[in-house]
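Chemist: Here the protein sequences come in this chain order: A and B. Sequence positions in the first sequence follow this note's numbering and run 1 to 321. Sequence positions in the second sequence follow this note's numbering and run 1001 to 1586. Please see the structure below; I have some questions.
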Amino acid sequence: MARFLLRRLIFAILLIVIVSSGALFLTRLAPGDVTANLGAFAPPEEVARIRARFDLDRSAAAQWGGWALRAIRFDFGDSFLYNRPVGGLIQRAAGNTAVLAVAALSLATLLGIPLGIISGSRRGVAPMLIRGASLVCLSIPPLLTSLLLVFAASRTGWLPAGGMTSVNAVDAGWSSWVLDVVRHLPLPAIALALPIAATFERLQSQSMAETIHQPFVVAALARGVTWRRLVIGHAWRASLRSMCAIYGLAIGALLSGSFVVEYITAWPGLGRLMYEALRARDIYLVAGCSAMGGVFLALGSLVADLLLFAADPRVREGQSA
Amino acid sequence: MKRRLLGSVVTAAILLGGVVFWRSTTAPELVNGVATPAATRGGQLVGSIRAVPRSFNRIVAREQTTELLSFLTQGRLVRINRSTFDLEPWLAESWEASPDGLTFTLHLRPGVTWSDGAPFTSGDVLFTLQAVFDPKSESVVANQLTVAGKPIAATAPDDHTIVLTYPAPSGPGLRLLDALAIMPKHKLEGALAAGTFAKSWDSATPPSDMVGTGPFLLREYIPGQRIVLDRNPRYWRKATDGTQLPYLDRIVLQVVPDQDAELLRLQSGDLDLTQSELRPDDYVAARRAEDQGRLKVLELGVGPDADAFWFRLKAEAWKNDPRFAFVSKPEFRRAISHAVDREAFAENVFLGAGVPIWGPITPGNRIWFSPNVLRYPHDVNKAKEILKGIGLEDRNANGIVEDAGGNEARFTVITQRGIGWYERGTTELRNRLAQVGIALEIAPIDNGALIKRLLSSDYEAIYYRPLLTDLDPAGNMDVWMSSGSGHFWNLPGPKGPGLPVEKPATEWEARIDMLMAEQASTIDPERRKAIFNDVQRIFAENLPALYFVAPRIYYAHNARVRGVTPSVQRPPALWSADTIAVSGAP
């Protein structure tokens, strides 16, 4: 197990270095730079000052070298947009995204898995409806879902139409603040969870449909095991392997989906920060957000492996051997 | 009897309701621009901003949010009223100018204090000017406060008097000081002495460290989420009835980066106002919300800025491209102007909310607009005739005109991707110019890439909105002067010691250079206007950039907001936040 975790840690570090360096190079090579934010006709001396501050007057390799050396000391440079160190911004935004991601992943799991079990193990109208709903959720881009939900929230007033806390939170105590966050959570969480729930449903359904025709399931049925016990106790557990594998990818998808959802719903998370940074060519903020994205992906992958480890005895046996 | 009683009760209720409704919807009476009723004191206004502030120090940052916060938290010596464009006394209550226009003696308003109670004195003004012109400060307003290449000098005979000496006569005179937010010496002199003024009051500074003479104080800033401002209890300004301003207790500015989400939240009542005008596409939805009593939509008039279409007129950038032979001719551009139906342009591009224009100064800039410039009525035949006159004809009957050497009038026009009216504008242009045989291929690109290509003269034609930073032409010398960094149709090369000084590319640009220099140093307003009319006339004759339509500006705010004095400039409402009030809960 220790060797497994060590391998995972090395993989995570490599992933973070590659992703953040790649992001830095791509941002540097893309046409235009951060000085475009000063406007088309900013005074040349101001443009030169900003270019020097963000090392844009050096070669891409020299810039990367300087940034990497500083990053080893956990100094990820300054953000142009926020005019403050990237580290603190990412820390705060990652926390907010983690809250949203956990809520969305929980919602996607609670919706997708049971619906997938039903649609994969039954025939009739209900599975058809579930399949149809999943296809709709998969087809609608998160941008549209977010806008529709913001529209619905603004029309009905049932939920806050955006943000993470309400405007009166400035005077609120800690417990009121938590309640306020919980009230703001459903809208972005639903927008983010729907396509993932649909993915879970489709995969679970397919996996269940395949497992249910396996000889061991047929044998159990012949032994007189009830249908419900057969589905939950035997077929579902056996079908979990592919679901566990998809969990790591789902966490990655949560992050990429959150770009748009956080932007539209004004959730101050990592996705929105990265989106703003990309639009503004805020080079060190892009690199920092990408590094944190790498952390999320590595964690997702680790969670998926651990789940697989717990769910599949063959994996456990393989590890111990 | 019962029925009559019921009728009376219903009538009374309707009347009472009517009175309550009338009281809650009647705007406060404005006396000299200041809302008066004390009944509207208190309350919280929720606005939106699209981007976070880079700094709270207006001397070192120019972004829209920093500018907005400087309106809310800081004071200026004099202020340009964004609604009337008049110069108003602010922290300086009066002034005298010397006959030669070089010296201004300003008398500071007595009894003004900073929000922490420290007295506001002429020392603060001297300190601010010192900070502006200190090279280590990295000031972004130094250029605006420089006259004939030299800084304005200041002395303080006493605590309440400032004497400003201009190095040369300046057309805008004291209007230049509108750019100068006065900073507190007692808080920032240490930073200036240590050479760290550029970093002082950055966005990480605790709100309690910052003080101001504006109507509000920074209470809280959560990056990416919101800025909270509380009323400054020591604010100096009072309404004419003696009510202490500002009316509001608090302003909350929520960060809402997406404009669609911003509009939805405005319609739902989640936001009271925004910092930008309505897009043409949003007008109908806002009007519908107004009909339902949720929003109030204001027509602010014609905007001072308009989209332009221009060809790169930098000869060396075309290298040996034979098309420059006709692109460089004013007749070619005049033909294009004739080819465009401006009424249809307003209808198709701005959905009817626009007025035809023939130059960069729109009717929205009431002081400087000249209606007497050359106009080019829509006339396709005339356009074709002009093109023929410069040797451009469709010789091979493929629908595109070419010169005698067979070089077609075919161009790629770049524009900013994702902006609805840019995309509609280029499509309209392509269709209209096709009728006279000029082919345009549209290439929408990212704003950063567009700016890079513009600055490196790596384009053939552009459709974009080059914003004029100031309504006064003397504030836009960088655009008008051929040596200016904003002379967008023919950007000058790098300047510096050892580098050759570029001459104006054309005779008419040399003439504009001369007129603009004269205009900027002329004190007589009538004479300035006459000179600038001449500049607009030359521009319209030579058309280095073509302007077709100026948008009408509409602004929407929640119906509970009172006392807004709207401006066609940004921020449309909060430039005068101290007189804004709200009625009822959000």
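Each residue gets a CB set at the ideal place from its N, CA and C atoms; glycine is no exception. Model, not experiment: these values are computed from the prediction.
Is residue 264(A) near the ligand FMN, in the sense that its beta carbon is under 6 Å from a heavy atom of that ligand?
Modeler: The ligand FMN is absent from the structure shown, which contains no ligands of any kind.
Chemist: Closer than 8 Å, Cβ to Cβ, to anything on chain A: give me those residues from the segment 1179-1204 of chain B, in chain order.
Modeler: So the close ones are 1202, 1203 and 1204.
Chemist: Rank 239(A), 37(A), 280(A) and 75(A) by C-alpha distance to the C-alpha of residue 209(A) and give the top, closest one.
Modeler: Reading the first sequence from its first residue, position 209 is the one you call residue 209(A). It is 239(A).
Chemist: Enumerate in chain order the residues of its own chain whose CB-to-CB distance from residue 1039(B) is below 7 Å, with the five nearest sequence positions on each side excluded.
Modeler: Start at 1 with the first residue of the second sequence, and residue 1039(B) comes out as number 39. With a pLDDT of only 46 at residue 1039(B), under 50, the local geometry of the prediction cannot be trusted, and the value read off the model is given with reservation. Closer than 7 Å at Cβ, skipping near neighbours: no residue.
Chemist: Closest by CA to residue 149(A), which one among 1339(B), 1268(B) and 1457(B)?
Modeler: As a position in the first sequence, residue 149(A) is number 149, starting the count at 1. The option with the nearest alpha carbon to residue 149(A) is 1268(B).
Chemist: Pick out the complete alpha helix (DSSP H) segments inside the segment 1266-1309 of chain B, 4 residues or longer, and give them in chain order.
Modeler: DSSP runs (the alpha helix (DSSP H)) wholly in the segment 1266-1309 of chain B: 1283-1291.
Chemist: Only counting the same chain, and skipping five residues up and downstream in sequence, which positions put a Cβ closer than 6 Å to that of residue 1299(B)?
Modeler: For this step, residue 1299(B) is matched to residue 299 along the second sequence. Only 1554 meet the Cβ criterion.
Chemist: Which ranges does the beta strand (DSSP E) cover as unbroken runs of at least 3 residues, wholly within the segment 1342-1374 of chain B, from first to last along the chain?
Modeler: Counting only runs of 3 or more, we get 1354-1356.
Chemist: Output yes or no for whether 7 Å exceeds the beta carbon distance between residue 1314(B) and residue 1457(B).
Modeler: What you label residue 1314(B) is simply residue 314 of the second sequence in a count that begins at 1. What you label residue 1457(B) is simply residue 457 of the second sequence in a count that begins at 1. Result yes, Cβ atoms of residue 1314(B) and residue 1457(B) sit closer than 7 Å.
Chemist: Would you verify that the beta carbon of residue 99(A) is, or is not, closer than 7 Å to some beta carbon of chain B?
Modeler: The count along the first sequence starts at 1 and reaches residue 99(A) at position 99. So no, residue 99(A) is outside the interface.
Chemist: Interface residues of chain A around residue 1255(B) at Cβ under 8 Å?
Modeler: Working through the second sequence from its first residue, we reach residue 1255(B) at position 255. Going along chain A in sequence order, the residues near residue 1255(B) (Cβ under 8 Å) are 266 and 268.
Chemist: Does any residue of chain B bring its CB to less than 7 Å from the CB of residue 284(A)?
Modeler: As a first step, residue 284(A) is located in the first sequence; it is residue number 284 there, counting from the start. Not closer than 7 Å to any Cβ of chain B, the Cβ of residue 284(A) fails to qualify, so no.
Chemist: Roughly how many whole angstroms lie between the Cα atoms of residue 97(A) and residue 1304(B)?
Modeler: Against the first sequence, residue 97(A) aligns to sequence position 97. Against the second sequence, residue 1304(B) aligns to sequence position 304. Between residue 97(A) and residue 1304(B), the C-alpha separation is close to 41 Å.
Chemist: Would you say residue 1273(B) faces chain D, with C-beta separation under 7 Å as the test?
Modeler: Among the chains of the structure shown, chain D does not appear; the protein chains present are A and B.
Chemist: In the DSSP assignment, find the unbroken alpha helix (DSSP H) run with residue 1326(B) in it and report its ends.
Modeler: Taking the first residue of the second sequence as 1, we reach residue 1326(B) at position 326. Its alpha helix (DSSP H) spans residues 1324-1327.
Chemist: Between the C-alpha atoms of residue 1044(B) and residue 1307(B), what's the straight-line distance to the nearest angstrom?
Modeler: Position 44 of the second sequence, counting from 1, holds the residue named residue 1044(B). Position 307 of the second sequence, counting from 1, holds the residue named residue 1307(B). Distance between the alpha carbons of residue 1044(B) and residue 1307(B): 37 Å.
Chemist: Helix, strand or coil: how does DSSP classify residue 1459(B) here?
Modeler: Taking the second sequence and counting its residues from 1, the one referred to as residue 1459(B) is at position 459. It is coil, neither helix nor strand.
Chemist: Does any residue of chain A bring its CB to less than 7 Å from the CB of residue 1294(B)?
Modeler: The residue you call residue 1294(B) lines up with position 294 of the second sequence. Judged by the 7 Å Cβ criterion, residue 1294(B) is not in contact with chain A.
Chemist: Using C-beta distances below 6 Å, list every residue in its chain close to residue 1382(B), excluding the 5 sequence neighbours before and after it, in chain order.
Modeler: Along the second sequence, read from residue 1 onward, the residue named residue 1382(B) stands at position 382. Within the same chain, residue 1382(B) has close Cβ partners 1338.
Chemist: Leaving out the 5 sequence neighbours to the left and right, which residues in its chain are closer than 7 Å to residue 145(A) when beta-carbon positions are compared?
Modeler: For the purposes of this step, residue 145(A) is taken as the residue at position 145 of the first sequence. Correct list, in chain order: 191 and 194.
Chemist: Expressed to the nearest angstrom, what Euclidean distance is found between the alpha-carbon atoms of residue 1391(B) and residue 1335(B)?
Modeler: Mapped onto the second sequence, residue 1391(B) falls at position 391. Mapped onto the second sequence, residue 1335(B) falls at position 335. Approximately 13 Å, taken between the alpha carbons.
Chemist: Hey, how far is the Cα of residue 1201(B) from the Cα of residue 1070(B)?
Modeler: Mapped onto the second sequence, residue 1201(B) falls at position 201. Mapped onto the second sequence, residue 1070(B) falls at position 70. Using only the alpha carbons, I get a separation of about 12 Å.
Chemist: With DSSP run on the structure shown, which of helix, strand or coil describes residue 1200(B)?
Modeler: Position 200 of the second sequence holds residue 1200(B). Coil.
Chemist: Let's test the definition: count the other Cβ atoms within 10 Å of the Cβ of residue 11(A) and tell me whether it reaches 16, buried, or not, exposed.
Modeler: For the purposes of this step, residue 11(A) is identified with residue 11 of the first sequence, where counting begins at 1. When all chains shown are included, residue 11(A) counts as exposed.
Chemist: Is there at least one Cβ from chain B nearer than 7 Å to residue 162(A)'s Cβ?
Modeler: Here residue 162(A) corresponds to residue number 162 of the first sequence, with the count starting at 1. Closer than 7 Å to some Cβ of chain B, the Cβ of residue 162(A) qualifies, so yes.
Chemist: Among 1248(B), 1362(B), 1262(B) and 1159(B), which has the Cα closest to the Cα of residue 1619(B)?
Modeler: Absent from the model: residue 1619(B). The displayed extent of chain B is 1001 to 1586, so no value can be given.
Chemist: On the premise that residue 287(A) lies in contact with residue 23(A), defined as a C-beta separation below 8 Å, what is that separation, rounded to the nearest angstrom?
Modeler: On the first sequence, position 23 is the one that residue 23(A) refers to. On the first sequence, position 287 is the one that residue 287(A) refers to. Right, their Cβ atoms sit about 5 Å apart.
Chemist: Beta-carbon within less than 7 Å of residue 289(A)'s beta-carbon, same chain only, minus the 5 sequence neighbours each way: which residues are those?
Modeler: The residue labelled residue 289(A) in the question sits at position 289 within the first sequence. Cβ within range, chain order: 90, 270, 273, 274 and 277.
Chemist: For chain A, check one thing: does any of its Cβ atoms lie closer than 7 Å to the Cβ of residue 1536(B)?
Modeler: Counting from 1 along the second sequence, the entry for residue 1536(B) is found at position 536. Taking Cβ atoms only, chain A never reaches closer than 7 Å to residue 1536(B), which makes this a no.
Chemist: Can you tell me where the alpha helix (DSSP H) with residue 1473(B) in it begins and where it stops?
Modeler: Residue mapping note: residue 1473(B) aligns to position 473 of the second sequence, counting from 1. Run containing residue 1473(B): none; DSSP gives neither H nor E here.
Chemist: To the nearest angstrom, how far is it from the Cα of residue 1204(B) to the Cα of residue 1425(B)?
Modeler: Within the second sequence, numbered from 1, the residue matching residue 1204(B) stands at position 204. Within the second sequence, numbered from 1, the residue matching residue 1425(B) stands at position 425. Approximately 41 Å, taken between the alpha carbons.
Chemist: Do you know offhand how far residue 1087(B)'s Cα is from residue 1489(B)'s?
Modeler: Start at 1 with the first residue of the second sequence, and residue 1087(B) comes out as number 87. Start at 1 with the first residue of the second sequence, and residue 1489(B) comes out as number 489. C-alpha separation (whole angstroms): 32 Å.
Chemist: What number of angstroms, rounded off, separates the C-alpha of residue 1135(B) from the C-alpha of residue 1152(B)?
Modeler: Residue 1135(B) sits at position 135 when you count from the first residue of the second sequence. Residue 1152(B) sits at position 152 when you count from the first residue of the second sequence. Each residue's Cα considered, the two are about 15 Å apart.
Chemist: Using a Cβ-Cβ cut-off of 7 Å (strictly less than) and excluding sequence neighbours within five positions of residue 17(A), which residues of its own chain qualify?
Modeler: As a working mapping, residue 17(A) is identified with position 17 in the first sequence. Within the same chain, residue 17(A) has no close Cβ partners at all.
Chemist: Between the segment 1533-1546 of chain B and the segment 1042-1058 of chain B, do three or more beta carbon pairs fall short of 8 Å?
Modeler: These segments do not touch.
Chemist: Taking one C-beta from the segment 251-270 of chain A and one from the segment 96-110 of chain A each time, how about it: are there three or more such pairs within less than 8 Å?
Modeler: With the cut-off at 8 Å, the segment 251-270 of chain A and the segment 96-110 of chain A touch.
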